[in-house]
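In the order they appear, the protein sequences are chains A and B.
Residue numbers 3 to 183, in this note's numbering, belong to the letters of the first sequence in order.
Residue numbers 3 to 183, in this note's numbering, belong to the letters of the second sequence in order.
By construction, the Cβ of each residue, glycine as well, lies at the ideal position given by its N, Cα and C atoms.
Okay, structure first, notes after.
Number of protein chains: 2
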Amino acid sequence: MREDTRSRIQEIALRRFTEQGYEATSLREIAEELGVTKAALYYHFKTKDDIVASLVEQRLSELEELLAWVRSRPKTARTRREFVERYAAGVRATRHHGIAHFLERNQTALRDHPTLIEIRERLMELASEFTEPGASATQRVSHSLALFALHSGKWLMNEDELSEEEIHQATVEVALRLLET
Amino acid sequence: MREDTRSRIQEIALRRFTEQGYEATSLREIAEELGVTKAALYYHFKTKDDIVASLVEQRLSELEELLAWVRSRPKTARTRREFVERYAAGVRATRHHGIAHFLERNQTALRDHPTLIEIRERLMELASEFTEPGASATQRVSHSLALFALHSGKWLMNEDELSEEEIHQATVEVALRLLET
DNA sequence: GTCTATACTCCGATAGAC
DNA sequence: GTCTATCGGAGTATAGAC
């Protein structure tokens, strides 16, 4: 009843790319953990980059959905809160959190990846969705920072002091305040 | 009247490490840009890691100075503002901005680097320097995010819309508000 | 779908001449 | 202080048997 090999490759790759970085993770390592040889991976993915592509596309479509949702709503305080909660939930969900985290940590290595460039554009659009045309520089910075705040819990904070749940609630709170500026 | 070779290596390495990532930058590239061979680099630095070490140690001592300064002051609103401005200036100054930026972008690649671990500890200490013992989770997250805000201008924001000076002022403002929470 | 075997390239690093 | 030459290893990727 185990998953198919393709999914297991994605899973292992995502974890190692996140922990060690994309370039520092070799296909040999991934194959070894999976219990096959390097060559076997090439049956499932054309190249190393193809593994990345399969991961980041999931994230892109998630962001596109969220953007469409935001645009379909009135720009009220209630929408803001619901948006922040949805975004935070997406970052947190086991499936997508991993991908978001991987992206944060590998911006340099993947800086020319076409899908990543699209993801960045969508994030910018999301950040400015609650910004009025005549907004001040301070407001623009605040709003951009709000999205980042939702990712920040996992590595800005020392997990010894606060529980995961506390951190989650706190980042949502901080993000909302930044958006309300 | 040009600088000595050692400084030029640091300068080229810093730029390329920041733009492309540490692992993606080879010594051959650095040597080529400098106009020498790889082997020549080894006269100036024992290993590739040694180049990194020479860079990050500058940043560590800068943070240590700042931490000592903060601790020598009363925890007043005036100190807060002066601290934020000093920190922002340090991030901004051509010399150190590059190093800070390099560190942000290579956290994964350098995650086991002893000096980087120290730098992270100092940053945590700085962030918590304005946090009362009984502070809420929201306050802790805000304060951690404040330091990050001072770095954020360069890559969260689209430089087309706002001037560098406007972004600088805005990040200082946002950081102060986060610290005052 | 997975294997062995291998091609080819690049890496960081060293030895030793100049 | 810089060079040429080279080492050993690891990387991605492919060919072809099973």
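Runs of alpha helix (DSSP H) wholly within the stretch 61–107 of chain B (minimum 4 residues, chain order): 79–94 and 96–107
Proximity test, Cβ basis, 8 Å: Gly23(A) and chain B: Within the first sequence, numbered from 1, the residue matching residue 23(A) stands at position 21. Yes, Gly23(A) lies at the interface with chain B (some Cβ there is under 8 Å from its Cβ).
Own chain partners of Leu125(A) with C-beta closer than 8 Å, once the 5 adjacent residues on each side are dropped: Here residue 125(A) is taken as the residue at index 123 of the first sequence, counted from 1. Answer for Leu125(A): Leu65 and Leu149, listed in chain order.
Partners in chain B for Gln12(A), counting only beta-carbon separations shorter than 9 Å: Here the question's residue 12(A) lines up with position 10 in the first sequence. Those do not exist, as Gln12(A) stays about 19 Å from chain B at its closest Cβ, beyond 9 Å.
Local conformation of Ser9(B) per DSSP, three classes: Residue 9(B) sits at position 7 when you count from the first residue of the second sequence. Helix at Ser9(B).
Val143(B) vs Val176(A) beta-carbon contact at 8 Å: Within the second sequence, the letter at position 141 stands for residue 143(B). Within the first sequence, the letter at position 174 stands for residue 176(A). It is a contact, given that the beta carbons lie within the stated cut-off.
Euclidean distance between Cα positions of Asn108(B) and Arg17(B): Start at 1 with the first residue of the second sequence, and residue 108(B) comes out as number 106. Start at 1 with the first residue of the second sequence, and residue 17(B) comes out as number 15. Each residue's Cα considered, the two are about 12 Å apart.
Enclosing alpha helix (DSSP H) for Leu112(B) [first to last residue]: Position 110 of the second sequence, counted from the start, is the residue given in the question as residue 112(B). Here Leu112(B) belongs to no alpha helix (DSSP H), and DSSP marks it neither H nor E.
Local conformation of Val38(A) per DSSP, three classes: Locating residue 38(A) in the first sequence gives position 36, where the first residue counts as 1. Coil, per DSSP.
Interface flag, Leu164(A) vs chain B, CB-CB below 8 Å: In the first sequence, counting from the first residue as 1, residue 164(A) sits at position 162. Leu164(A) counts as touching chain B.
Chain-ordered chain B contacts of Ala172(A) [CB-CB under 9 Å]: Translated into the one-based positions of the first sequence, residue 172(A) becomes position 170. Per Cβ cutoff of 9 Å: Ser138, Ala139, Thr140, Gln141, Arg142, Val143 and Ser144.
The stretch 110–127 of chain B in contact with the stretch 13–28 of chain A per 3-pair CB rule at 8 Å: yes
Local Cβ density within 10 Å of Tyr89(B), reported as buried at 16 or more and exposed below that: Counting from one through the second sequence, the residue named residue 89(B) turns up at place 87. Buried: at least 16 other Cβ atoms inside 10 Å.
Under 8 Å (Cβ pairs) to chain A, residues found in the stretch 24–41 of chain B: Glu25 and Ala26
DSSP three-state assignment for Glu134(B), whether helix, strand or coil: To locate residue 134(B), count along the second sequence from 1; it is residue 132. Of the three classes helix, strand and coil, the one that applies to Glu134(B) here is coil, per DSSP.
Alpha carbon of Glu59(B) to alpha carbon of His46(A), nearest angstrom: Counted from its first residue, the second sequence places residue 59(B) at position 57. Counted from its first residue, the first sequence places residue 46(A) at position 44. Glu59(B) and His46(A): Cα-Cα distance of roughly 44 Å.
Within-8 Å CB hit, Gly155(B) to chain A: Working through the second sequence from its first residue, we reach residue 155(B) at position 153. Chain A, which has a Cβ nearer than 8 Å to the Cβ of Gly155(B), makes this yes.
Cα-Cα separation between Val38(A) and Ser28(A), rounded to whole angstroms: Counted from its first residue, the first sequence places residue 38(A) at position 36. Counted from its first residue, the first sequence places residue 28(A) at position 26. Answer to the nearest angstrom: the Cα atoms are 14 Å apart.
Range covered by the alpha helix (DSSP H) that runs through Leu181(A): Numbered from 1 along the first sequence, position 179 holds the residue referred to as residue 181(A). Looking at the DSSP string, the run of the alpha helix (DSSP H) that includes Leu181(A) is Glu166 to Glu182.
Residue closest to Arg136(B), alpha-carbon to alpha-carbon, out of His153(A), Leu128(A) and Leu164(A): Counting from one through the second sequence, the residue named residue 136(B) turns up at place 134. As written in the sequence, residue 136(B) is Gly, which differs from the Arg given in the question. The shortest Cα separation from Gly136(B) among His153(A), Leu128(A) and Leu164(A) belongs to Leu164(A).
Cβ separation of Gly155(A) and Thr173(A), assumed to be a contact under 8 Å, to the nearest whole Å: Position 153 of the first sequence, counted from the start, is the residue given in the question as residue 155(A). Position 171 of the first sequence, counted from the start, is the residue given in the question as residue 173(A). Between Thr173(A) and Gly155(A) the Cβ distance is about 5 Å, and since that is below 8 Å, they are a contact.
Through-space distance from His145(A) to Leu178(B), alpha-carbon basis: If you number the second sequence from 1, residue 178(B) lands on position 176. If you number the first sequence from 1, residue 145(A) lands on position 143. So the two alpha carbons sit approximately 15 Å from each other.
Members of the stretch 43–55 of chain A that neighbour chain B once the beta carbon cut-off is set at 9 Å: none
Contact list for Arg107(A) against chain B, beta-carbon separation under 7 Å: By one-based count along the first sequence, residue 107(A) stands at place 105. Those are Gln109 and Thr110, listed as they occur along chain B.
Thr49(B) (DSSP reduced to helix, strand or coil): As a first step, residue 49(B) is located in the second sequence; it is residue number 47 there, counting from the start. Coil at Thr49(B), not helix or strand.
Through-space distance from Ile121(A) to Glu67(A), alpha-carbon basis: As a working note, residue 67(A) is residue 65 in the first sequence. As a working note, residue 121(A) is residue 119 in the first sequence. Going from the Cα of Glu67(A) to the Cα of Ile121(A) covers about 12 Å.
Interface positions of the stretch 58–90 of chain A facing chain B (Cβ-Cβ less than 9 Å), listed along the chain: none
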